[in-house]
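To keep things clear, I will list the structure first and then write my remarks on it.
Numbering (our numbering), first residue to last: 223 to 431.
What follows is the structure, given as structure tokens:
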């Protein structure tokens, strides 16, 4: 059972500090309020933060404006960023941010050790991995604990080339925007259903995990 670590934020967007790195976990398929997003961005901008980790399991759904604001902030602060995820959609978000100049690397969960080193936590790799896994599994384990510690000696999943065509950037951005638009449409449809028939929508809505 994962250790019940303390964190800032809320269940859907939570974070904690390990040394000078802000470790963040974003739940999948949920909408992030602007108030919570702003609180997280304020945490990123604290003087003691020297790096950021963005961890998730399934596809995360920030709005286009939210994602643009946070990636711009990370570029302005020149923060090294490591994404750790099991989802291709999140990898695409990170890749698009990298094309736009964010200092960001993407990794799978079995490459967690590489990601930890990328944000300057190599000298406390075991402690950092344990804290990251506990934050991820705070509301239910995702994988057997051993998987999070595999990959300490692996290489990054992909290293982005120095030169990139504008066509590829556009393609990635278009795919991301289409996915975000689909999710927003689903959320709006559900909200309309709730407004029209609160009882029926409550029965039809899937239980949150």
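Yeah, the Cβ is synthetic: ideal placement off N, Cα and C, and Gly gets one too. All values reported here derive from a predicted model rather than from experimental measurement.
Check your understanding: Between which two residues does the beta strand (DSSP E) containing residue 246 stretch?
Key -> 243-248
Check your understanding: In this structure, does DSSP put residue 236 in helix, strand or coil?
Key -> strand
**Study point:** alpha helix (DSSP H) segment containing residue 299, residue limits
**Key:** Counting along the chain, residue 299 falls outside any alpha helix (DSSP H), and DSSP gives it neither H nor E.
Review point. Under 8 Å, do residue 246 and residue 295 count as touching if we go by C-beta distance?
Key: no
Exercise for review: Could you spell out where the alpha helix (DSSP H) holding residue 356 opens and where it closes?
Suggested key: Segment 347-358, the alpha helix (DSSP H) holding residue 356.
**Study point:** Buried/exposed call for residue 348, threshold 16 Cβ in 10 Å
**Key:** exposed
Review point. Taking the alpha-carbon positions, what's the residue 419 to residue 413 distance?
Key: 10 Å
Point to revise | Minimum C-alpha distance to residue 316 - residue among 309, 323 and 328 | key: 328
**Study point:** Residue range of the alpha helix (DSSP H) that includes residue 322
**Key:** Neither: residue 322 is in no alpha helix (DSSP H) and is coded neither H nor E.
Check your understanding: From residue 271 to residue 242, what distance separates their C-alpha atoms?
Key -> 5 Å
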